[in-house]
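Q:
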Amino acid sequence: MRRKKMFLAAAPLAALLPLVLTSVTQTAPAEAATSPCAAVPVSAPDGARIESVEAARKPGGTVTFPPTPFSHPDPITDVPAYCEITVTLTHGEAGDHVKVAVALPLTGWTGRLQAVGGSAYTAGDFGAPLVQAVKDGYSGVTTDAGVPLTFLDTSWALTPRGEINKPLVTNFATRSVHEAALIGKDVTQRFYQREVGYSYWNGCSTGGRQGYSEAQRYPGDFDGVLANAPAVHWAEFAVATLWPRVVMNQEKTFPATCVFTAFQHAAIKACDGRDGVTDGIVDRPDECGYDPRSLVGAKVLCGDKEVTVTAADAEVVRKIWAGPTDEHGRRLWAGLPKGADFGPVTTAPGFPVAVGWVRTFLKKQPGFNTEKITYRQFADLFSQSVREYDDIIGTSEPDLSGFRRAGGKLITFVGGDDQLIPPGGTLRYRREVEREMGGPKRVNDFYRLFLAPGVAHCFGGAGAAPTNALGALVDWVEHGKAPATLAAANGDKTLTRDLCPYPQVSRYRGHGDPSVASSYRCTGR
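Just so we're aligned: 180 in the numbering used here is position 177 of the sequence shown, and the numbers increase by one with no gaps anywhere.
1. Using three-state DSSP, classify A148 as helix, strand or coil.
2. Once DSSP output is grouped into helix, strand and coil, what is the label at Y523?
3. What residues in its chain sit with their C-beta under 8 angstroms from that of K8, if we drop five residues either side in the sequence?
4. May I ask you to verify whether the segment 391 to 407 touches the segment 153 to 160, counting CB pairs closer than 8 angstroms and requiring at least 3?
5. Can you grab the Cα-Cα spacing for the pair T373 / C274, in whole Å?
6. Going by beta-carbon coordinates alone, are P347 and L423 separated by less than 8 angstroms?
7. Can you give me the start and stop residues for the beta strand (DSSP E) that E400 sits inside?
8. Got a sec? Which residues, its chain only, sit under 6 angstroms from P76 by beta carbon, not counting five neighbours each side?
9. For the alpha helix (DSSP H) containing L473, name the first residue and the last one.
10. In the DSSP assignment, what residue or residues form a beta bridge with T499?
11. Does the contact criterion of 3 or more C-beta pairs under 8 angstroms hold for the segment 128 to 144 versus the segment 360 to 378?
12. For D81, which three-state DSSP category applies?
13. Helix, strand or coil: how does DSSP classify E166 here?
14. In angstroms, rounded to a whole number, what distance separates the CA positions of G442 and R434?
15. Is it the case that the segment 188 to 208 contacts the segment 105 to 120, given that we only count it when at least three CB pairs across the two stretches are under 8 angstroms?
16. Quick check: the Cα distance between E290 and P247, rounded to an integer number of angstroms?
17. With DSSP collapsed to three states, give me the class of S404.
18. Relative to the C-alpha of G483, which residue among F354, A490, F449 is closest?
19. Buried or exposed for S208, please, with buried defined as at least 16 other CB atoms from any protein chain shown within 10 angstroms of its CB.
20. Pairing CB atoms from the segment 505 to 513 with CB atoms from the segment 274 to 288, are three or more of them under 8 angstroms?
21. Can you list, in chain order, the residues of its chain whose CB lies under 6 angstroms from that of L304, leaving out five sequence neighbours each side?
22. Using a Cβ distance threshold of 8 angstroms, determine whether the segment 217 to 234 contacts the segment 404 to 413, with at least three qualifying pairs required.
23. For the beta strand (DSSP E) that contains C40, what are its first and last residues?
24. Can you give the Cα-Cα distance for G515 and R524, rounded to whole angstroms?
25. In terms of residue numbering, what span does the beta strand (DSSP E) encompassing K412 cover?
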């Protein structure tokens, strides 16, 4: 039975991003019977063998975390003592060693399980997100998929003979998250001697892709999936984000940072007022018609030097915004959103996830110089990526009928200014699901997509990001309250919004404080 209805009190919930955590306090969780922190028997998933099970008691209190390449997680306070059970498993002759960590609060368990996703080329997060889940009354689970927890290292994907390590790629793409779900439920049930009441997935970026993989391939694993800024269509996205560097190198034009910023600000100025208020945020970048050629001849102050914008600069920006094309000009993928920061994808040698994908997974040459890629070679690499990897890691299957039949609920938010995984890919996938499954109204019965104007990748930027999307998902799953909006705020809480479910958009009412959510309404247009 997928869900065992049981006593569940409302619990504090966390809206997890891969690098930043936001906790929203609600009523106290129910007390769960404590168990000794010791290894438990674990059933091996099909095709796997358990190598070891180890238990370690964690004291809780204030927990600190080392910085990652992307963030400096804040300490988490008032964490209950918990038991961390680490299961190591392997698969046949693969020679892999996959760790799955299950973190179990010794008091305050709510009957819920929360699996947390990864970021870039790291499959899971054993730090702040796992501890936050414990604090919020979940049994938390994550996995390393048998690959290093180093975010950008891709060397694990090649064997010593320079061939793709298929077992590890399979682990990273799909298998390990599914096995973590099974092991997380099994360990939790054995530890508390009660079945998990509700299970949730929570991730952004790579974690978003993993959530979509679960909904598509293993629809019974999770009752609710929160999958933000998802790298759906991974095979396309992982090459497409190298496009800005290809354009600059092929056009032999390298606009200064201040010139890129001038184009960004000009696009914002041109398209800012579409939502009824001028606030420095482009509401729908994909509908912004600003032509970068209008900035040609403008003077830009770069430090103490004045620079004149050239036609060559404008052509580079036009191509970056338009998105990747083949050598004949046929569009391959979405481009950088107008109004987004150019920096992360224009700085040499390019977005590291894309560079690693091309070097390791496509060329199988760790030292391959991506700065020499021509337009023709780019199109060939794009086609190769889709051909060889879409079925493995693409998570682009639009038929979610299995997830819908299982009663699953899916929430996604994407930042309108996401430079790293431009929202065009997720919007395309959502349209594919609607065509497959009967249109937006029927799809919204179980899958809701929210656009966050002005928000960058997973968080940051000038816009408002969701403050408790996980709480909204729990309400939907457990109480049938589908979210009409998602409450959102910027980093310092000086701007609030209610994000609207796609295809609705937010529009200013014409009166009231433009920095307050109540001054806006959701409308079809």
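Where a beta carbon is used, it is the ideal one built from N, C-alpha and C, also for glycine. If you're wondering where the values come from, they're calculated on a predicted model, not measured in any experiment.
A: This is what the structure gives:
1. coil
2. strand
3. Low per-residue confidence applies at K8: pLDDT is 36, beneath 50, and the placement is therefore not dependable, though the value from the model is reported in the following sentence. Around K8: G200.
4. no
5. 34 angstroms
6. yes
7. Run containing E400: none; DSSP gives neither H nor E here.
8. F68, A131
9. 472 to 482
10. A492
11. no
12. strand
13. coil
14. 8 angstroms
15. yes
16. 20 angstroms
17. helix
18. F449
19. buried
20. yes
21. none
22. yes
23. It is not in any beta strand (DSSP E) - C40 carries neither H nor E in the DSSP assignment.
24. 12 angstroms
25. 412 to 418
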